[in-house]
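Since the structure comes first, as structure tokens, the remarks are kept for the end.
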Amino acid sequence: MADRILLISWGRPITGREQHGLEVFNDAVAFYGELQQAGRIEGFDVAMLDPNAQLDGFMLLHGSREQLNALREDLRFQRLMIDAGLIVDHLTAVEGAIGEGVMAQMPMYEEAVGRVPQMA
Numbered sequence: 196m197a198d199r200i201l202l203i204s205w206g207r208p209i210t211g212r213e214q215h216g217l218e219v220f221n222d223a224v225a226f227y228g229e230l231q232q233a234g235r236i237e238g239f240d241v242a243m244l245d246p247n248a249q250l251d252g253f254m255l256l257h258g259s260r261e262q263l264n265a266l267r268e269d270l271r272f273q274r275l276m277i278d279a280g281l282i283v284d285h286l287t288a289v290e291g292a293i294g295e296g297v298m299a300q301m302p303m304y305e306e307a308v309g310r311v312p313q314m315a
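Per my numbering, the very first residue in the sequence shown carries number 196; after that it's consecutive.
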């Protein structure tokens, strides 16, 4: 079961680049589907958000640390990220913990909280 995630999020498309944006989006969904079928990631989710001032959508890729590290080194992934960066505002890719990964990180968080003076 996946203990890590890679969150890829984006804001508004750059005006005049919407059509290419759809192509890159579809390429990314196809690529992540291929990765899942090949066992290179455990799965992924795609979200399109309701209109707001910050975030238009995100893709959440699930896997192990090793799987996600290998994905970041994949040239096809890197090309998709470069293409996406040219067609949307505020493209981000952030790794994080999920499931058992959260439980593994909690002792470190609790230790850090113990070192911070608490205010009443």
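Note that CB positions come from ideal geometry on N, CA and C, so glycine has one too.
None of these values were measured; they are calculated from a predicted model.
| message | According to DSSP, simplified to helix, strand and coil, what is R260? | response | Helix.
| Across which residues does DSSP place G291 in a beta bridge pair? | Under the DSSP definition of a beta bridge, G291 partners with I200.
| said: Assuming Q232 and G238 are in contact, meaning their beta carbons sit under 8 Å apart, how far apart are those beta carbons, in whole angstroms? | reply: Contact doesn't hold; Cβ gap of about 11 Å is too wide.
| Where E268 and R207 are concerned, what is the direct C-alpha to C-alpha distance, given to the nearest angstrom? | Each residue's Cα considered, the two are about 26 Å apart.
| query | Counting pairs of Cβ atoms below 8 Å between the stretch 288-295 and the stretch 216-228, do you hit three or more? | reply | With the cut-off at 8 Å, the stretch 288-295 and the stretch 216-228 do not touch.
| query | For the putative contact between G258 and I236, defined by C-beta atoms under 8 Å, what is the C-beta separation to the nearest angstrom? | reply | The pair is a contact, with the Cβ atoms about 4 Å apart (cut-off 8 Å).
| said: With distance defined between alpha-carbon atoms, name the residue in E218, F253 and A242 nearest to H285. | reply: When only C-alpha atoms are compared, the closest one is F253.
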